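Trainee: Numbering (the numbering used here), first residue to last: 91 to 459.
Here a beta-carbon is modelled for each residue, glycine too, at the ideal position from N, C-alpha and C.
All of these numbers come straight from a predicted model, not from anything done at the bench.
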Amino acid sequence: MLIAVSLSPLASLAAVAVAAATTVLSRPSPGRLPALTLVAAAVSLAVTSAHVIAGVRPEPVAALLELAENLALMALVGLVVRYAPVRRAVPAALTAGVATAVWSLRFLTPVSLLEAVGACAFWGVGSLLAAGAGGYLRFLDVRQARAVVDARTVLRLRLARDLHDFVAHDISEMVAHAQAGGVTGDPLRALERVEAAGQRAMSMLDRTLDMLHNDRPVTFTGGLGDIREAADRFSAAGPATVHLRLDQRAEVPVEVAALAYRIVVEGLTNVRRHAPQAGRVDLDVVAGPSGTLEVMMTNDGVTRTRSGRRSGLGLPGLAGLVREQGGELRTRSVPGGWSLTASLPFPGPGLPSTTPLPSGNGGAAGTIT
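#1: Using DSSP with H/G/I as helix, E/B as strand and the rest coil, what is residue 139?
#2: Alpha carbon to alpha carbon, how far is residue 249 from residue 345? Give it in angstroms, no decimals.
#3: Give me, in chain order, the residues of the same chain whose beta-carbon lies closer than 7 Å to that of residue 163; leave out the 5 immediate sequence neighbours on both sides.
#4: What ranges does the beta strand (DSSP E) occupy inside the region 313-392, keeping only unbroken runs of at least 3 residues that lie completely in it?
#5: Comparing C-alpha positions only, which one of 343, 287 and 369 sits nearest to residue 325?
#6: Report the residue ranges of all alpha helix (DSSP H) runs contained in full by the region 198-265; include only those spanning at least 4 residues, in chain order.
#7: Identify which residue in 209, 206 and 217 has its Cα closest to the Cα of residue 168.
#8: Using beta-carbon positions only, say whether residue 434 and residue 350 come within less than 9 Å of one another.
#9: Enumerate in chain order the residues of its own chain whose CB-to-CB distance from residue 97 is below 7 Å, with the five nearest sequence positions on each side excluded.
#10: Starting from residue 192, trace the alpha helix (DSSP H) both ways and give me its first and last residue.
#11: When you compare only the Cα positions, how much space is there between residue 193 and residue 236?
#12: Please say whether residue 432 and residue 353 have beta carbons closer to each other than 9 Å?
#13: I'd like to know whether the C-beta atoms of residue 387 and residue 410 end up nearer to each other than 9 Å.
#14: Does the beta-carbon of residue 226 have 16 or more other beta-carbons within 10 angstroms, so that it is buried, or is it exposed?
#15: For residue 327, count the other beta carbons within 10 Å of its own beta carbon; 16 or more makes it buried, fewer makes it exposed. Which is it?
#16: In the DSSP output, which residue or residues are listed as bridge partners for residue 435?
#17: Straight-line CA distance for residue 196 to residue 139?
#18: What residue range does the beta strand (DSSP E) around residue 422 cover?
#19: Would you call the CB atoms of residue 245 and residue 407 closer than 9 Å?
#20: So residue 390 packs on residue 416, CB below 8 Å; how close in whole Å?
#21: Buried or exposed: where does residue 221 fall if 16 or more other Cβ atoms within 10 Å of its Cβ makes it buried?
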């Protein structure tokens, strides 16, 4: 036992060396951290036991080494709590904490059990503080990881919504043009329109992939001028004809115009998919009261029951996007048809640019104005 006590400075130095190596290896190899911490704690407990049993106090030089050992063990407690797997971190941190708490018994000869407990509790506070710091940093890491996951989820949903709102419209237009070519007897013209719709769909896919690969910011797609083009293309594919009214009353922010365009595209796509017997679509895009843009669409075809295929990215997803912008989107059945109404408020000042509402008058039946 006296030999073990005489070698206690070397044992403490070894424990400090193990602790230092563990600290260096903790980030690249967090799986090794609990085992190395247990080794350091076991060495420290063995040295403490030798001092208590032999009743020998360490020399001043050895005391400095053992103080460094105790501080290193406190650091290990914090590192284990922060980086190690929970099941392995608990026994390692508890063992190291006990080693730091009883370390003072190498220097003290308590006269009572209460004094011994008090001394151990005093030195154990350091391990508790280290564990608290490690736990807090671990909580920050977990919260950051969850924030990254949530951000990725939001991005995936946004991309899925973009693809649904635009690519699905172009694909349904391709199908409509292909069907119309067999009816009208002008397959060449139908193929040209199918090609144009396919190019728009490919452009949207390229934009999405470019944003994913290069981490580019999301840009607003579509505007009030594109609403007229979408209405033209819809009427050209038949059989329904769009009666469009754009009212010049105010300047519309680009993001509001882009959202209005998405609503119109989704509404026309749903008419084509779910009300193929419709012959007329009335579409009004006007500036409403209190700084809002009103989008009103009504078709005269009764919407048929949807099939079992439900993507969840159509009107429900679009309604959620409108609510995020402080607006409201409503759909309801009307006598002999279906109605879609959206109210989009203008944001506050400081917008980068605005889009004027194109001027237009109410058109005659069967035309787009």
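Mentor: Considering the structure as presented:
#1: The answer is helix: DSSP assigns residue 139 an H, G or I state.
#2: Distance between the alpha carbons of residue 345 and residue 249 is about 17 Å.
#3: Once the five neighbours on either side are set aside, the close Cβ partners of residue 163 are 109, 130, 131, 134, 186, 189 and 190.
#4: 331-336, 341-343, 370-378 and 382-389, all fully within the region 313-392.
#5: For the residues 343, 287 and 369, the minimum Cα distance to residue 325 belongs to 369.
#6: The qualifying runs are 203-252.
#7: Per the Cα distances, 217.
#8: Their beta carbons are under 9 Å apart, which means residue 434 touches residue 350 by this criterion.
#9: Reliability fails at residue 97, whose pLDDT of 48 lies under 50, so the model's placement of it is uncertain and the value that follows must be treated cautiously. Excluding positions up to five away in sequence, the list is empty.
#10: Per DSSP, the continuous alpha helix (DSSP H) segment holding residue 192 begins and ends at 176-192.
#11: Distance between the alpha carbons of residue 193 and residue 236 is about 39 Å.
#12: Contact check for residue 353 against residue 432 passes: the beta carbons are separated by less than 9 Å.
#13: Going by C-beta atoms, residue 387 is not nearer than 9 Å to residue 410.
#14: Within 10 angstroms of the beta-carbon of residue 226 lie fewer than 16 other beta-carbons, which makes it exposed.
#15: Label assigned to residue 327: buried.
#16: DSSP lists 382 as partners of residue 435.
#17: If you take the alpha carbons of residue 196 and residue 139, they lie about 8 Å apart.
#18: Residue range 418-424 is occupied by the beta strand (DSSP E) that includes residue 422.
#19: It is not a contact, given that the beta carbons lie outside the stated cut-off.
#20: With 8 Å as the limit, residue 390 and residue 416 do not qualify as a contact, their Cβ atoms being about 31 Å apart.
#21: The residue is buried, with at least 16 neighbouring Cβ atoms inside 10 Å.
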